[in-house]
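Worksheet: the structure to be examined is printed underneath.
Protein chains: 2
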Amino acid sequence: MFAPSLGIDETCTLFKIEMRSEITMNQHYQNLVQKLEEITHLNGVMSTLGWDQEVMMPAGASDARAKQIATLAGVIHERMTDPALGECLHELKEKDFAALGEMERCNIREALYSYELETKVSKRLVQELAELGSRGHSVWVTARQENKFADFAPVLKRFLQLKTEWAQCVSPDLEPYDANIDLFERGTTMNVITPIFERLKQELIPLIAAIQSHPVQPDTSFLQGRFALDKQEVLARKISQDMGFNIEQGRIDVSVHPFCGGSHPTDVRITTRYKDSNFVESLYSVIHETGHALYEQGRPHELGDLPATESLTMGIHESQSLFWERMIAQSKPFCAHYFETIRAAFPENLQSATVDSFYRAINTCKPDFIRVEADEVTYPLHVILRYEIEKGLFDGSMNVDDLPEIWNELMQKYLGIKPPTDTLGVLQDSHWSGGAFGYFPSYTLGAMYACQFYNTLLREQPGTGQNIATGNFVPIKNWLNEKIHRQGKLYTPQQLVERVTGEPLNPDYFVEYLKNKYSEIYRLA
Amino acid sequence: MFAPSLGIDETCTLFKIEMRSEITMNQHYQNLVQKLEEITHLNGVMSTLGWDQEVMMPAGASDARAKQIATLAGVIHERMTDPALGECLHELKEKDFAALGEMERCNIREALYSYELETKVSKRLVQELAELGSRGHSVWVTARQENKFADFAPVLKRFLQLKTEWAQCVSPDLEPYDANIDLFERGTTMNVITPIFERLKQELIPLIAAIQSHPVQPDTSFLQGRFALDKQEVLARKISQDMGFNIEQGRIDVSVHPFCGGSHPTDVRITTRYKDSNFVESLYSVIHETGHALYEQGRPHELGDLPATESLTMGIHESQSLFWERMIAQSKPFCAHYFETIRAAFPENLQSATVDSFYRAINTCKPDFIRVEADEVTYPLHVILRYEIEKGLFDGSMNVDDLPEIWNELMQKYLGIKPPTDTLGVLQDSHWSGGAFGYFPSYTLGAMYACQFYNTLLREQPGTGQNIATGNFVPIKNWLNEKIHRQGKLYTPQQLVERVTGEPLNPDYFVEYLKNKYSEIYRLA
């Protein structure tokens, strides 16, 4: 798909008469490549600092690290807003853009997008957002601990003002909330999301109600107990590497919150946490992060440390982690393949379990208050609730002060439960404390992409179930590598989905998948 | 000793008539502080990358990391050679320098020194040195593996030319070799070193010969065997923290070569390696690195991330590691205090050992080929040999091509042994492959400083032996903190030694220490 950028040199050789201008063009482009690669390298350094802070840094170093990060962020900002970079980009964009190859054009387009994002906003607004983000986080931590939404409300109000102002600077043609969504899922707007989310509500609310009221509930008792941490770690590492995680170009460590980080496609670092009371959580979080990691390791970095080789959007990234976590690892053939290995790790706990009881136990559906602990059926409703609130805040139909009440009403309406405190309700997520509005939809967009991709894979490789059942993940990984990872930023998410699956995002696959799977697990009519 | 820099503001208040110029001065100085702190933060980031590379980074990431490091090095170089920094420094240096406090003057002096070091050398020479250093290292690795000095000789010849040219740029008033030494041990020249090293040769060569020919040799058999790595690690961590290593602001990890790194005095990271065949090596390397770490953790960083708060020189740093390794941990009271703890960790191996036999076993003296494995008596001769060769190369009295022969002759003359190969001889150290001439003397300067400092401590705190014997290291650490660590770069090494001990560097303490200690261990007449 990608090809090394030889086009220009060949043109020079073939059409000598045009050589002078071609060389100039090439020099401009080489100049751009150098600037962009330096920015990528410095971002890689920043990622290493972030990873180190979460995984390695001694607690006493936090002040010094904050200063190091602030200084490096300043250096990166200088480079990204360097007027010489802007000139170079405009020069390339305005002259002979069409003569360049697909990848060169993509690098210019993406770099220009970032440049404008960084330069369109006034320094005053950038600083105010950064300060509010830093202060907002600690206000939120305390408010959440003390269950005091009123303390957090002023931060939220101010963020709404600033993020509206920000949206008008960067994307004056978009609705402010769409401009915020655009940051996480480029090109996806409320026009697309709202009808899809309405459809999900329509299908999932009755499905969840049916599951809840049904007398047959899976036995999960054998997942309780004590599970030795060293066994959990061996198991997680084995499965991650079976999936194709390249440990020669990555690491697996422990941190408070699992994440996928690292400095480069050859240095991809995932983390998890091990609890001795719950091995499923850590195992599936390693599988989830491995999905992210395979995307990063699969990027076409041999084409340079350039924007075109980067991962596409939050939603597409999440589609890769959820593809492995849900489509593959929560499937029956996966359980069949690993059940004896897992039982051998915890023989006493899983003594009387079977492949089937294990499959049903890890696929229970139960409404609960906390999004990050939700199962795949209830998760979308957590997201939709947040989406509707963000939409309402930006269009003025909701007020910040009413959020606790709105939140609880929607929880009751969608999941049939009401959080006893705001800590377990409107205050649970960190996103808003940093001003990250528009992020939440990408979780459910990712889930739907994953399902649609999986459906295409099944069509193109009908032996996939058998491959999973025999632990042969190579064809699956190769397919994702080729179809998604190696495409970098060449297409928009909408184009990519259509190229891979032959149609735009279609929630039917997700709805059908959930309905079929859970009807069978819960023996629904 | 240090005081927060309030002097200027007070002056402003007291002498209103001078206020305008004082404020300007203060603004200049604040401007400088900001620039210097940013450089310090970026250097801290660079150190984190270095640590990560040795301890954490997956092997496959080395190319990407090299590019990240090169880009960051470029950013730091830009900042260090920023003409605005130079103007600011000259402004401060030329106007009212005397009106500033001791610490401010030190920051300006040190920053100017670094600025001139970076800007006096042409870009061409900087690049050629960097390229030769990078290429030289891999040439050396292969030459050493294949025992082919002739392959390495051209690199060494070119480095000599370049480092002579470099010396003429940065310190035209110094002999070229002195300019190279100055980089590692500021202010110390051949005039000082040569007579001291002559004295050491005169004393140590006969001492080593006497030890070698003496019939009484310590029993070291109980140090051979298998020592569980987990026990070694627990022991090393305990002793490091007993010494005062603050693990809340530091880490202990494993790497191929032990080192002390980290990004800040609140983030000091030491490493070691554990071999199951030898616990003494890893334990004493942790103690050695802890000595370095206590220096870093003891720096007066509350005064800002500024040059005046940095460690002084290589020699003074080495004095701190050797102070703890040799003066404290190779002493009889230290062995007495820890012997039962050590024996409890390895009961089978140390069954029949005693405090005395343990003390004698860890203090054996035996000439061998490799510097890094040498004991404290033979080590100085390894250093002197290298010093004499470097001196001879720079003054033209020696030729690179003759080095293998010269090396082996001097080994025979000083230690009575001849390396069977150049791999075990002239090719063993990496220093010259990177052009680091003038580094070696600091090892033995450090050893002599350590001994002289210890002698002063004994005079000022006569209960030190008793403190060691009871594991009370607090008064020792506090003394080093106050006398050395918190002095930062306020004085030259020569001034510091004189301030702490009341006299200039005096090799007598070192010579007497070795003669007394080893006469007793080897029962010499």
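Just so you know, the protein sequences line up as chains Z and Y, in that order.
Taken in order, the first sequence gives residues 1 to 525; the numbers are from our numbering.
Taken in order, the second sequence gives residues 1 to 525; the numbers are from our numbering.
For each residue, glycine too, the CB sits at the ideal point set by N, CA and C.
Worksheet item: How would you write the range of the beta strand (DSSP E) that Z/T271 sits in, first residue to last?
Response: Element bounds for Z/T271: 267–272.
Item to complete: Give a yes or no on whether 8 angstroms exceeds the smallest Cβ distance from Z/G244 to chain Y.
Response: No, no contact with chain Y.
Practice prompt. Could you check how far apart the C-beta atoms of Z/T313 and Z/P493 are, in whole angstroms? I think they sit under 8 angstroms.
Written response: That belief holds up - the Cβ atoms of Z/T313 and Z/P493 are roughly 5 angstroms apart, short of 8 angstroms.
Item to complete: Name, please, each residue of chain Y whose Cβ falls closer than 7 angstroms to the Cβ of Z/T71.
Response: The answer, in chain order, is E38, H41, L42.
Discussion item. Distance cutoff 8 angstroms, beta carbons only. Does Z/G298 sit that close to anything in chain Y?
Written reply: Interface criterion not met: the Cβ of Z/G298 is under 8 angstroms from no Cβ in chain Y.
Worksheet entry | Own chain partners of Z/G187 with C-beta closer than 8 angstroms, once the 5 adjacent residues on each side are dropped | These residues qualify, in order along the chain: T492, P493, Q494.
Item to complete: Specify the secondary structure class of Z/I193 as computed by DSSP and reduced to three states.
Response: Judged by DSSP in its simplified three-state form, Z/I193 adopts helix.
Worksheet item: Which term fits Z/A447, buried or exposed, when burial requires 16 or more other beta carbons within 10 angstroms of its beta carbon?
Response: By the 10 Å Cβ count, Z/A447 comes out buried.
Worksheet item: chain Y beta carbons: is any one of them nearer than 8 angstroms to that of Z/H264?
Response: Judged by the 8 angstroms Cβ criterion, Z/H264 is in contact with chain Y.
Worksheet item: Looking at the C-beta of Y/M190, does it have a partner C-beta in chain Z at a distance below 8 angstroms?
Response: Proximity of Y/M190 to chain Z, defined by a Cβ-Cβ separation below 8 angstroms, is not satisfied.
Practice prompt. Measure the alpha-carbon distance for Z/S397 versus Z/V141 and round it to whole angstroms.
Written response: Roughly 27 angstroms separates the two Cα atoms.
Practice prompt. Give every residue of the same chain whose Cβ lies closer than 8 angstroms to the Cβ of Z/R273, excluding the five residues on either side of it in the sequence, and list them in chain order.
Written response: Around Z/R273: V254, S255, V256, H257, P258, S282, S285.
Discussion item. Assuming the contact rule is C-beta atoms closer than 8 angstroms, Y/H41 and Y/D305 should be a hit. Round their C-beta distance to whole Å, please.
Written reply: With 8 angstroms as the limit, Y/H41 and Y/D305 qualify as a contact, their Cβ atoms being about 6 angstroms apart.
Worksheet item: Of all the CB atoms in chain Y, is at least one closer than 8 angstroms to the CB of Z/K67?
Response: Chain Y contact via Cβ: present.
Worksheet item: Are the beta-carbon atoms of Y/L540 and Y/M46 separated by less than 8 angstroms?
Response: The structure shown does not extend to residue 540 of chain Y, since chain Y spans only 1 to 525, so no value can be given for it.
Practice prompt. Give a yes or no on contact between the segment 85–101 of chain Y and the segment 63–70 of chain Y, applying the rule of three or more CB pairs nearer than 8 angstroms.
Written response: Touching, no, given that fewer than three Cβ pairs across the two stretches are closer than 8 angstroms.
Worksheet item: Would you say Y/E248 faces chain Z, with C-beta separation under 8 angstroms as the test?
Response: Yes, its Cβ sits closer than 8 angstroms to a Cβ of chain Z.
Worksheet item: When the Cα of Y/Y439 is compared with those of Y/D178, Y/C451, Y/V426, Y/A293, which residue comes out closest?
Response: Out of Y/D178, Y/C451, Y/V426, Y/A293, Y/D178 has the C-alpha closest to the C-alpha of Y/Y439.
Practice prompt. Below 8 angstroms between beta carbons is the criterion; list the residues of the segment 46–58 of chain Z that meet it against any residue of chain Y, in chain order.
Written response: Near chain Y, meaning a CB-to-CB distance below 8 angstroms, the residues of the segment 46–58 of chain Z are T48, L49, D52, M56, M57, P58.
Discussion item. Measuring straight from C-alpha to C-alpha, what distance separates Y/P206 and Y/D182?
Written reply: In a straight line, the C-alpha of Y/P206 is about 31 angstroms away from that of Y/D182.
Worksheet item: Quick one: any contact between the segment 366–373 of chain Y and the segment 224–243 of chain Y, if contact means 3 or more CB pairs under 8 angstroms?
Response: The way I'd put it, the segment 366–373 of chain Y doesn't touch the segment 224–243 of chain Y; fewer than three beta-carbon pairs between them come closer than 8 angstroms.
Item to complete: Within 10 angstroms of the Cβ of Y/M1, are there 16 or more other Cβ atoms? Answer buried if so, exposed if not.
Response: Reliability of the predicted coordinates at Y/M1 is poor, the pLDDT of 28 falling under 50, and no value is obtained from them.
Item to complete: Determine the burial state of Z/S122: buried for a count of at least 16 other Cβ atoms within 10 Å of its Cβ, exposed for fewer.
Response: Answer is exposed; the Cβ neighbour count stays below 16.
Fill in: 8 angstroms Cβ cut-off: residues of chain Y touching Z/D267
Annotation: Cβ neighbours of Z/D267 in chain Y (cutoff 8 angstroms, chain order): M57, P58, G60, A61, A64, R65.
Discussion item. If I follow the unbroken alpha helix (DSSP H) through Z/R237, where does it start and stop?
Written reply: Per DSSP, Z/R237 belongs to the alpha helix (DSSP H) from 229–243.
Worksheet entry | The beta strand (DSSP E) enclosing Y/D253, as first and last residue numbers | Residues 250–254.
Item to complete: Could you check what DSSP says for Z/S352 in three-state terms: helix, strand or coil?
Response: Z/S352: coil per DSSP, three-state reduction.
Fill in: Option in Y/Q224, Y/E405, Y/E325, Y/G250 with minimal Cα separation from Y/D276
Residue Y/Q224 is the option with its Cα nearest to Y/D276.
Worksheet entry | Chain-ordered chain Y contacts of Z/R251 [CB-CB under 8 angstroms] | Neighbours of Z/R251 across chain Y, judged by C-beta separation under 8 angstroms: M56, P58.
Item to complete: Closer than 8 angstroms by beta-carbon distance: list the chain Y residues that pair up with Z/V75, in chain order.
Response: For the C-beta of Z/V75, the chain Y residues within less than 8 angstroms are, from N- to C-terminus, L42, V75.
Discussion item. What does the alpha-carbon distance come out to for the pair Y/H337 and Y/N516?
Written reply: Distance between the alpha carbons of Y/H337 and Y/N516: 22 angstroms.
Discussion item. Can you tell me where the alpha helix (DSSP H) holding Z/H485 begins and where it ends?
Written reply: Per DSSP, Z/H485 lies in no alpha helix (DSSP H) and is assigned neither H nor E.
Worksheet item: Apart from the five residues on each side of it in sequence, which residues of its chain come closer than 7 angstroms, Cβ to Cβ, to Y/T423?
Response: Counting only Cβ-Cβ distances below 7 angstroms, and skipping sequence neighbours, we find R144, N147.
Worksheet item: Less than 8 angstroms separating the beta-carbons of Y/M526 and Z/R251?
Response: No information on residue 526 of chain Y is available, as it lies outside the stretch 1 to 525 that chain Y covers here.
Fill in: Residues near Y/F473 in its chain [Cβ-Cβ closer than 8 angstroms; skip 5 each side]
Hits under 8 angstroms: D242, M243, G244, I328, N467.
Practice prompt. Measure the alpha-carbon distance for Y/R459 versus Y/R499 and round it to whole angstroms.
Written response: So the two alpha carbons sit approximately 15 angstroms from each other.
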